[in-house]
Structures are given as structure tokens and as C-alpha cells.
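J.:
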Amino acid sequence: LPLILNLQATYSHSKNKLTVARQSSEITHGYWNTHCVGAELGSSLSFDFYEEHNIFHQILPFMNLQGVYAYQRKFQEEGEKRHDISSSQLGNLSLPIGVRLEGHASQWPVFYSTSVAFIADVFRKNPCSIITATYDPFALWTTSGTNLSRQALSAQV
Numbered sequence: 017l018p019l020i021l022n023l024q025a026t027y028s029h030s031k032n033k034l035t036v037a038r039q040s041s042e043i044t045h046g047y048w049n050t051h052c053v054g055a056e057l058g059s060s061l062s063f064d065f066y067e068e069h070n071i072f073h074q075i076l077p078f079m080n081l082q083g084v085y086a087y088q089r090k091f092q093e094e095g096e097k098r099h100d101i102s103s104s105q106l107g108n109l110s111l112p113i114g115v116r117l118e119g120h121a122s123q124w125p126v127f128y129s130t131s132v133a134f135i136a137d138v139f140r141k142n143p144c145s146i147i148t149a150t151y152d153p154f155a156l157w158t159t160s161g162t163n164l165s166r167q168a169l170s171a172q173v
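Going by this note's numbering, the sequence shown opens with residue 17, and the numbers climb by one from there.
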């Protein structure tokens with residue numbers, strides 16, 4: 017049985033802008049950067065099955081380990097009634113397990129693939145920021161990222 021291993025890594029950088037229009041007709045702006053890295057390590061087995069009437073020629077059960085880490089830099093709004101927003105971090109480790117079917121047309125150079133996978137989170141750290149008002153009454157509060165579902169079903173055609 018052929019064992020297939022794959023590894024990939026990604027990096028992204030984004031520049032973000034926040035505009036807040038208050039009832040007092042005052043507008044504040046905030047600018048910050050977000051850095052993100054991701055990696056995936058995967059393995060699959062390849063089983064061939066050639067039948068005249070089959071549109072798929074290989075079945076590949078697979079399991080991957082996916083990780084992502086994102087860092088949002090702290091920033092301060094610009095304007096009269098501004099806020100300081102602390103930095104925050106997001107971390108996630110997930111385990112997709114599934115099966116992929118592959119095939120090709122015999123008369124044309126066409127390759128096709130479909131897959132289905134169950135994805136479960138092994139670890140997650142949701143982002144959380146402390147927001148501080150720089151004006152009277154100098155309020156302080158925390159805001160956190162949305163707690164998304166820890167399981168998913170993925171289907172690709």
C-alpha cells in the first residue's frame with residue numbers, strides 16, 4: 017500500500033482599519049496589523065480500483081493535523097474619544113479525518129476528485145482583548161472572539 021505524506025505551511029499579513037462614528041458626530045479611526053501562520057501535516061493511503069464502469073479509480077482515506085496561530089497587534093484609535101485595544105492571539109489545532117475519491121477520463125486529459133471529512137478541534141485558544149477608554153470615566157472592559165463550533169463536516173466536489 018502506498019503511503020502518501022504531505023506538508024504545507026502558510027503565512028499571511030493583513031492591515032486593518034476600524035472607523036467608529038459616534039452620536040456626537042465624532043469619528044475615530046484605528047489601524048492595526050495581523051500576522052498569521054498555519055501548517056498542515058497529512059498522510060493518506062492509496063487504494064486502486066479499476067472497473068470499466070467506475071468513474072473513480074482511487075480511494076484515499078486520510079488524516080491531517082492542522083494548526084493555525086494569529087497575532088493581532090495592539091492599537092489605539094485616533095480621535096478625541098479614543099480607546100486603547102490590547103493585542104490578542106488565536107491558536108487552533110484540528111484533526112481532519114476523511115476519504116477522497118479520485119478519477120480521470122480515459123479519452124480526455126481530465127482529472128477529478130471529491131472528498132468528505134470530519135474535522136474536530138484538538139485545542140483552541142480564542143482571542144481576547146482589553147479595551148480601555150482614554151477619556152472620562154476611563155472605562156475598562158474585555159471583548160473576546162466568537163466561540164465557534166469545535167466540530168465540522170467538510171465536503172469538496
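The beta-carbon is built from N, C-alpha and C at its ideal position, and this holds for glycine as well.
(1) Is the region 47-61 close to the region 23-34, with three or more CB pairs under 8 Å?
(2) Checking the sheet assignment: what are the DSSP bridge partners for W48?
(3) What is the rounded straight-line gap between the Cα of S129 and the Cα of T150?
(4) Identify which residue in V115, D152 and E96 has its Cα closest to the Cα of A171.
(5) Identify whether K141 lies in helix, strand or coil by the three-state DSSP scheme.
(6) Should E94 be labelled buried (16 or more other beta-carbon atoms within 10 Å of its own) or exposed?
(7) Using three-state DSSP, classify S104 as helix, strand or coil.
(8) Counting only beta-carbon atoms, is C52 nearer than 8 Å to chain D?
(9) Would a C-beta distance cut-off of 8 Å place K59 and L19 closer than the cut-off?
(10) Quick one: residues in its chain with C-beta nearer than 6 Å to the C-beta of G119, no 5 flanking neighbours on either side, listed in chain order?
(11) For R116, name the three-state secondary structure that DSSP assigns.
(12) Got a sec, what are the start and stop residues for the beta strand (DSSP E) A86 sits in?
(13) When burial is assigned at 16 or more other CB atoms within 10 Å of the CB, is I43 buried or exposed?
(14) So for D64, helix, strand or coil by DSSP?
T.: In short:
(1) yes
(2) N32
(3) 55 Å
(4) V115
(5) strand
(6) exposed
(7) strand
(8) Absent from the structure is chain D; it holds one protein chain and no more.
(9) Note that residue 59 corresponds to Ser in the displayed sequence, not to Lys. Yes, Cβ-Cβ distance for S59 and L19 is below 8 Å.
(10) I71, F72, H73 and Y128
(11) strand
(12) Q74 to Q88
(13) exposed
(14) strand
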